[in-house]
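What follows is a set of notes on a single structure, which appears directly below.
Number of protein chains: 2
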Amino acid sequence: MIRVAINGYGNLGRGAEQAISRSKDMELVVVFTRRDPGSLTTQGAPVAHVDDMPDWADEVDVCLNCGGSATDLAEQGPAAAAHFTTVDSFDTHAEIPAYFASLDTAARQAGHLALISTGWDPGLFSMLRVLGEAVLPEGRTTTFWGPGVSQGHSDAIRRIEGVADARQYTLPVEQTVEAVKAGDDVELTTRSMHRRDCYVVAHEGADRDRIEREIVTMPHYFADYDTTVTFISAQEMAESHSGIPHGGAVIRRGETSRGTGATVTFELGLGSNPEFTGSVVVAMARAAARMAARGQTGARTVFDVTLADLSPRSPEELRADYL
Amino acid sequence: MIRVAINGYGNLGRGAEQAISRSKDMELVVVFTRRDPGSLTTQGAPVAHVDDMPDWADEVDVCLNCGGSATDLAEQGPAAAAHFTTVDSFDTHAEIPAYFASLDTAARQAGHLALISTGWDPGLFSMLRVLGEAVLPEGRTTTFWGPGVSQGHSDAIRRIEGVADARQYTLPVEQTVEAVKAGDDVELTTRSMHRRDCYVVAHEGADRDRIEREIVTMPHYFADYDTTVTFISAQEMAESHSGIPHGGAVIRRGETSRGTGATVTFELGLGSNPEFTGSVVVAMARAAARMAARGQTGARTVFDVTLADLSPRSPEELRADYL
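Here the protein sequences line up with chains A and B, keeping their order.
Residue 1 is where the first sequence starts when you use our numbering, and the numbers rise one by one after that.
Residue 1 is where the second sequence starts when you use our numbering, and the numbers rise one by one after that.
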């Protein structure tokens, strides 16, 4: 059994907990928190304060850092790598090289392995971007996101006067997706690629026309997109918009000879963004634990992971049943 | 530059030649053939007889075995592995474990590496089957093939009396594909998953009704499918059905928590089946050459390959631009 720790018990940590419970070769041995351990109720695993991490060094094979990129991981990552092999889903794209360097130093010094930026983007989407370009060197890679909830855009709507609650979905423009797959010469712009659907609960008596106008003309957030606004009741918001779905597609379109095309499409449709991210982090934890057991140290990314290490099955079983 | 040899100059070998010409870090140094080398015209590479392979041992980093699985590779694989690091697309699923063992012995004895069963199925589809199951351990994996030409089914039609030429396309049943992606409880049978479209050139005066009846009732080949038969002219056959398109989809549908689903879809749409297979074999050759350069020997599969080794780009570049 691979002994796993979860560091941070928000949406992602709870998603990872679900995924561990579905993995027969893994067990959750502890949840670390910065809060009072007594204030957390897990699905069964003990809770410990992050300051007590050193006590768990011999009990844990791999620690999943489930904090957010913006604030938590820059500190959480190197701190945990001092005690454990770690996996995270650091997703601030521009800062990945610096974060990699920081984790590489911390992990090497401690003799551990740190697998960073797993999840689905970065993560699975990154893997498919590299795979698509490797097999079709001459071509174009396009990424679409959604249908999915954007927290930032939902928050932007909630700040408008008269809005009680809001939920914003980003959606790929289907005809553009189809054109890209077909290799048609389509112009890819902000507006041609994605549209935005907004569901808004207005305060009683609020001016809905003004709210709608403020949304669709909001610079950066909505003005450059085709945006629809639908006013709904608080009850409908609670009943139909409480999930955190997401997904998207990475499409590589290229030529294999002059005039002969090929399309490689990787598509995700996710009922729960944090649960699926947690599922990927847990599969990557299996690989990280195995790579560490072979003596590897330092920082790694999804590009360094083999499918054999991701799978709970034996190489013989994979060759016989999956090739 | 990675120095590549192509062993066997049929459709796949020519597809690999195209792919090498699109890969800036690779060069084709020789094409091996069992025929008279003077009878082959390549796009520029010299041609040598397979018996002269030993002379090329120091000139070649990786040899692509482009023979067919049914007859050629069982011999060609171990023979080439005695002289080179090799890559092939062995695709007789049931015989893969035995083929792996044979190549593993040959490659280890010679101190080489042999990467077997690359291409797209087995190959990319196999990788995605393992990836899908690793991230969604509780679920179902479904593979659809097509739209694509089936050589065996085309040949079966050609053997019918009165048929001058025929081309058979296998197509996934779109509504079943959509149901599988949505996680609907759909029954997966031969008929519900794929259908068959047949284009037939009949001899003048042939009984078309009988030909159609013989096709759609043919056991194993067509009787269990919804099959359409369209009679066309020899000219239309030549103009509209000369390509070798193929493709398909691997779909993993699973749950991340009770009642919350996720779908991972990998889809290929290929203008030319042998050209795309050649493209994959060439990308895998890059990985094999790198793994061999690190001292690895013996047989390997796509499950043992990292994306970092598949890509011509540096790890730094991949982390900065592809994560």
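All C-beta atoms in this analysis are idealised placements derived from N, C-alpha and C, irrespective of residue type, glycine included.
Can you tell me whether A/LEU318 is buried or exposed, with buried defined as 16 or more other CB within 10 angstroms of its CB? Taking the first sequence and counting its residues from 1, one reaches residue 318 of chain A at position 318. Of the other Cβ atoms in all chains shown, 16 or more fall within 10 Å of the Cβ of A/LEU318; this residue is therefore buried.
Got a sec? Which residues, its chain only, sit under 8 Å from B/MET1 by beta carbon, not counting five neighbours each side? Translated into positions along the second sequence, residue 1 of chain B becomes position 1. In the same chain as B/MET1, and ignoring 5 residues on each side of it, the C-beta atoms closer than 8 Å to its own belong to ASP25, MET26 and GLU27, in chain order.
Look at the alpha carbon of A/ALA134 and the alpha carbon of B/LEU131, and state the distance between them as a whole number of angstroms. Position 134 of the first sequence, counting from 1, holds the residue named residue 134 of chain A. Position 131 of the second sequence, counting from 1, holds the residue named residue 131 of chain B. Their Cα atoms are separated by approximately 18 Å.
Option nearest A/CYS66 by Cα separation, candidates A/GLY119, A/ARG22, A/VAL60 and A/PHE100: The sequence position of residue 66 of chain A within the first sequence is 66, counting from 1. Ranked by Cα distance from A/CYS66, the options A/GLY119, A/ARG22, A/VAL60 and A/PHE100 are led by A/GLY119.
Residues of the stretch 273-285 of chain B in Cβ contact with chain A at a cutoff of 7 Å, in chain order, please. Against chain A - using a Cβ distance shorter than 7 Å - the residues of the stretch 273-285 of chain B are GLU275, PHE276, SER279, VAL280 and ALA283.
Can you tell which of B/THR105, B/VAL216, B/ARG258 and B/GLY68 has its C-alpha closest to the C-alpha of B/THR228? By one-based count along the second sequence, residue 228 of chain B stands at place 228. With respect to the C-alpha of B/THR228, the residue from B/THR105, B/VAL216, B/ARG258 and B/GLY68 having the closest C-alpha is B/VAL216.
Could you spell out where the beta strand (DSSP E) holding A/ALA321 opens and where it closes? Here the question's residue 321 of chain A lines up with position 321 in the first sequence. Here residue 321 of chain A turns out to be Asp, not Ala, going by the sequence shown. In the DSSP annotation of this structure, A/ASP321 is not part of any beta strand (DSSP E); the continuous alpha helix (DSSP H) holding it starts and ends at 315-321.
Cα-Cα separation between A/LEU124 and B/ASP52, rounded to whole angstroms: For the purposes of this step, residue 124 of chain A is identified with residue 124 of the first sequence, where counting begins at 1. For the purposes of this step, residue 52 of chain B is identified with residue 52 of the second sequence, where counting begins at 1. Their Cα atoms are separated by approximately 44 Å.
State the Cα-Cα distance for the pair A/ALA94 and A/CYS198, rounded to the nearest angstrom. Counting from one through the first sequence, the residue named residue 94 of chain A turns up at place 94. Counting from one through the first sequence, the residue named residue 198 of chain A turns up at place 198. For A/ALA94 and A/CYS198, the gap between their C-alpha atoms comes out near 28 Å.
Any C-beta of chain B under 8 Å from that of A/LEU136: Here residue 136 of chain A is taken as the residue at index 136 of the first sequence, counted from 1. The beta carbon of A/LEU136 falls within 8 Å of a beta carbon belonging to chain B, placing the residue at that interface.
Cβ neighbour criterion (16 or more within 10 Å) applied to A/THR141: Indexing the first sequence from 1 puts residue 141 of chain A at position 141. Buried.
Meets three-Cβ-pair contact criterion under 8 Å: the stretch 261-281 of chain A and the stretch 154-168 of chain A: Contact annotation: the stretch 261-281 of chain A does not touch the stretch 154-168 of chain A, with fewer than three C-beta pairs closer than 8 Å.
Let me check understanding here. Comparing Cα to Cα, which of B/HIS220, B/HIS241 and B/GLU316 lies closest to B/THR230? Indexing the second sequence from 1 puts residue 230 of chain B at position 230. When B/HIS220, B/HIS241 and B/GLU316 are compared, the shortest CA-CA separation from B/THR230 is found for B/HIS241.
Determine which residues share a DSSP beta bridge with B/PHE266 and list them. To locate residue 266 of chain B, count along the second sequence from 1; it is residue 266. Under DSSP, B/PHE266 takes part in a beta bridge, and its partners are A/PHE266 and B/VAL250.
State the CB to CB distance for the pair B/ARG196 and B/GLN151, rounded to an integer number of angstroms; the pair is presumed to be in contact (CB under 8 Å). Position 196 of the second sequence, counted from the start, is the residue given in the question as residue 196 of chain B. Position 151 of the second sequence, counted from the start, is the residue given in the question as residue 151 of chain B. With 8 Å as the limit, B/ARG196 and B/GLN151 do not qualify as a contact, their Cβ atoms being about 13 Å apart.
Considering B/LEU115, what are the terminal residues of the beta strand (DSSP E) in which it resides? Stepping through the second sequence from its first residue, residue 115 of chain B is reached at position 115. For B/LEU115, the uninterrupted beta strand (DSSP E) run begins and ends at 113-115, by DSSP.
Closer than 8 Å by beta-carbon distance: list the chain A residues that pair up with B/PHE222, in chain order. The residue given as residue 222 of chain B occupies position 222 in the second sequence. Those within 8 Å of B/PHE222 in chain A number zero; the least Cβ separation is about 28 Å.
Considering only residues of the same chain and omitting the five flanking positions on each side of B/GLY139, which have a CB-CB separation below 7 Å? Position 139 of the second sequence, counted from the start, is the residue given in the question as residue 139 of chain B. ARG252, ARG253, GLY254 and GLU255.
Does the beta-carbon of B/ASP309 have 16 or more other beta-carbons within 10 angstroms, so that it is buried, or is it exposed? To locate residue 309 of chain B, count along the second sequence from 1; it is residue 309. The residue in question, B/ASP309, is buried, as its Cβ has 16 or more Cβ neighbours within 10 Å.
Would you call A/THR190 buried or exposed, if buried means 16 or more other Cβ atoms sit within 10 Å of its Cβ? Residue mapping note: residue 190 of chain A aligns to position 190 of the first sequence, counting from 1. Counting other Cβ atoms within 10 Å of its Cβ, A/THR190 stays below 16 and is therefore classed as exposed.
Nonlocal neighbours in the same chain, by C-beta distance under 7 Å from A/ALA239, ignoring five residues either side: Counting from one through the first sequence, the residue named residue 239 of chain A turns up at place 239. The identity of residue 239 of chain A in the sequence shown is Glu, whereas the question assumes Ala. The beta carbon of A/GLU239 is closer than 7 Å to none in its chain, skipping five residues each way along the sequence.
Reduced DSSP category for A/VAL62 - H, G, I as helix; E, B as strand; rest coil: Here residue 62 of chain A refers to the residue found at position 62 when the first sequence is read from its first residue. In the three-state scheme derived from DSSP, where H, G and I count as helix and E and B as strand, A/VAL62 is classed as strand.
Taking the straight line between their C-alpha atoms, what separation do you get for A/ILE6 and A/GLU275? The residue given as residue 6 of chain A occupies position 6 in the first sequence. The residue given as residue 275 of chain A occupies position 275 in the first sequence. Separation of A/ILE6 and A/GLU275 (C-alpha to C-alpha, rounded to the nearest whole angstrom) is 14 Å.
Sufficient close CB pairs (3 or more, under 8 Å) joining the stretch 179-189 of chain B to the stretch 203-217 of chain B: By the C-beta criterion, the stretch 179-189 of chain B is judged not to be in contact with the stretch 203-217 of chain B, since fewer than 3 inter-stretch pairs fall below 8 Å.
Show which residues of chain A have a CB atom less than 7 Å away from the CB atom of B/ALA308. Counting from 1 along the second sequence, the entry for residue 308 of chain B is found at position 308. Ordered by position in chain A, the residues that pass the 7 Å Cβ test against B/ALA308 are PHE303 and ASP304.
Tell me, to the nearest whole angstrom, how far the beta carbon of A/ALA106 is from that of A/PRO137; I am working on the premise that it is less than 8 Å. As a position in the first sequence, residue 106 of chain A is number 106, starting the count at 1. As a position in the first sequence, residue 137 of chain A is number 137, starting the count at 1. About 36 Å; that fails the 8 Å criterion.
In chain B, which residues lie with their C-beta within 8 Å of the C-beta of A/ASP18? Counting from 1 along the first sequence, the entry for residue 18 of chain A is found at position 18. The identity of residue 18 of chain A in the sequence shown is Gln, whereas the question assumes Asp. Correct list: THR256 and SER257.
Rounding to the nearest angstrom, what Cα-Cα distance links B/VAL47 and B/PHE266 in this structure? The sequence position of residue 47 of chain B within the second sequence is 47, counting from 1. The sequence position of residue 266 of chain B within the second sequence is 266, counting from 1. Between the alpha carbons of B/VAL47 and B/PHE266 lies a distance of about 37 Å.
Among residues of its own chain, excluding the 5 on either side of A/THR297, which ones have a beta-carbon nearer than 7 Å to its beta-carbon? The residue you call residue 297 of chain A lines up with position 297 of the first sequence. Non-local C-beta neighbours of A/THR297 in its own chain, meaning closer than 7 Å and more than five positions away in sequence, comprise ALA107, ARG108, GLY111, HIS112 and LEU113, ordered along the chain.
For A/ALA57, the nearest candidate out of A/ARG3, A/GLY13, A/GLY148 and A/ALA74 (CA to CA): On the first sequence, residue 57 of chain A is found 57 positions in, with the first residue counted as 1. Ranking A/ARG3, A/GLY13, A/GLY148 and A/ALA74 by Cα distance to A/ALA57 puts A/ARG3 first.
First and last residue of the uninterrupted alpha helix (DSSP H) at A/HIS153: Along the first sequence, one-based indexing puts residue 153 of chain A at 153. Taken as a continuous stretch (DSSP letters only), the alpha helix (DSSP H) holding A/HIS153 covers 151-158.
Nearest chain B C-beta to A/GLY67 closer than 8 Å, yes or no? Taking the first residue of the first sequence as position 1, residue 67 of chain A is located at position 67. Taking Cβ atoms only, chain B never reaches closer than 8 Å to A/GLY67, which makes this a no.
Taking the CB atoms as reference points, tell me whether A/GLY13 and A/VAL31 lie closer together than 8 Å. Sequence index remark: in the first sequence, residue 13 of chain A carries index 13 (1-based). Sequence index remark: in the first sequence, residue 31 of chain A carries index 31 (1-based). Cβ atoms of A/GLY13 and A/VAL31: closer than 8 Å.
From A/PRO37, A/TYR9 and A/SER21, pick the residue whose C-alpha is nearest to that of A/ASP72; which is it? By 1-based counting over the first sequence, the position of residue 72 of chain A is 72. That would be A/TYR9, whose Cα lies nearest to the Cα of A/ASP72.
Would you list the one or two residues that DSSP bridges to A/SER272? One-based indexing of the first sequence puts residue 272 of chain A at position 272. Residue pairing of A/SER272 in beta bridges, as defined by DSSP: A/ILE244.
Residues of its chain near B/THR263, where Cβ-Cβ distance is below 6 Å and the 5 sequence neighbours each way are ignored: The residue you call residue 263 of chain B lines up with position 263 of the second sequence. Contacts found: LYS181 and ARG253.
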